[in-house]
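So the mapping is simple: our numbering equals the position in the sequence shown, first residue as 1, plus 6. The block underneath contains the structure these notes are about, expressed in structure tokens.
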Amino acid sequence: MCGLCGLEEESCCHLFFDYNFARRVWGLCHRWLGVLVMSQIEPKSNFDQFRMNRALETVNNVWNTIWVGVVSKIWSHMNNIIFKRGVGDAFGVFSLVQVKVWLWVSINCRSASFSFSDWCLEPLVCMRLIT
Ligand SMILES: [Zn+2]
């Protein structure tokens with residue numbers, strides 16, 4: 007059983023996409039990126055939502071990196087809750103994802119020269135600068 011809620015089987019669908027805490031993190035991320043679709047709880051379908059049609063592959067790499075960032079930060083935060091009696095902080099997790107992905111983009115995409123505040127305020131405008 008899930009170590010957090012004790013109500014459902016501990017599956018990756020539940021932990022990363024269907025548990026209330028994960029839903030809050032994905033909701034913040036979707037709002038930030040202007041994603042208007044319902045979040046899928048099946049991992050492959052959820053991953054497939056993080057693409058832009060007709061976008062450059064480099065831009066879709068950024069979308070994929072955001073997805074990986076959310077999943078990895080949800081995982082480490084849930085371990086913190088279970089093993090270190092941490093407190094659920096969805097906005098804190100979401101903020102860490104913004105920082106990690108901005109650092110990744112700044113290092114890996116040479117055309118990306120935008121500030122962290124621009125990244126937080128206008129992620130889609132920043133992604134248009136990536137070539
Ligand atoms: Zn649970």
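Using N, Cα and C, we set each Cβ at its ideal position, and we do this for glycine too. These figures come from a predicted structure and were not determined experimentally.
List the endpoints of the continuous alpha helix (DSSP H) containing residue i.
i    : result
N86  : E63 to K90
H98  : In the sequence as presented, His is not what sits at residue 98; that position holds Gly. Note, G98: alpha helix (DSSP H), A96 to N114.
G33  : N26 to L39
C11  : Where C11 is concerned, there is no enclosing alpha helix (DSSP H), given that its DSSP letter is neither H nor E.
C132 : P129 to R134
To the nearest whole angstrom, what separates the beta carbons of residue i and residue j, a pair I think is in contact under 8 Å?
i    : j    : result
V31  : V76  : 6 Å
G9   : E15  : 11 Å between Cβ atoms; not a contact.
S117 : L135 : 6 Å
W110 : T71  : 6 Å
F100 : C35  : 6 Å
K79  : V41  : Wrong, their Cβ atoms sit about 17 Å apart, outside the cutoff.
For residue i, would you say it is in contact with chain B, using Cβ-to-Cβ distances shorter than 9 Å as the test?
i   : result
F56 : No chain B appears in the structure shown, which is made up of a single protein chain.
**Asked** Are the stretch 108 to 127 and the stretch 46 to 55 touching, with three or more C-beta to C-beta distances below 8 Å?
**Response** Below 8 Å, too few C-beta pairs join the stretch 108 to 127 and the stretch 46 to 55 to call them touching: fewer than three.
**Prompt:** Near ligand 1, which residues have their beta-carbon less than 6 Å from any of its heavy atoms, given in chain order?
**Reply:** C8, L10, C11, L13, E14, H20 and Y25
**Message:** For the pair the stretch 58 to 72 and the stretch 20 to 27, tell me if three or more CB-CB distances fall below 8 Å.
**Reply:** no
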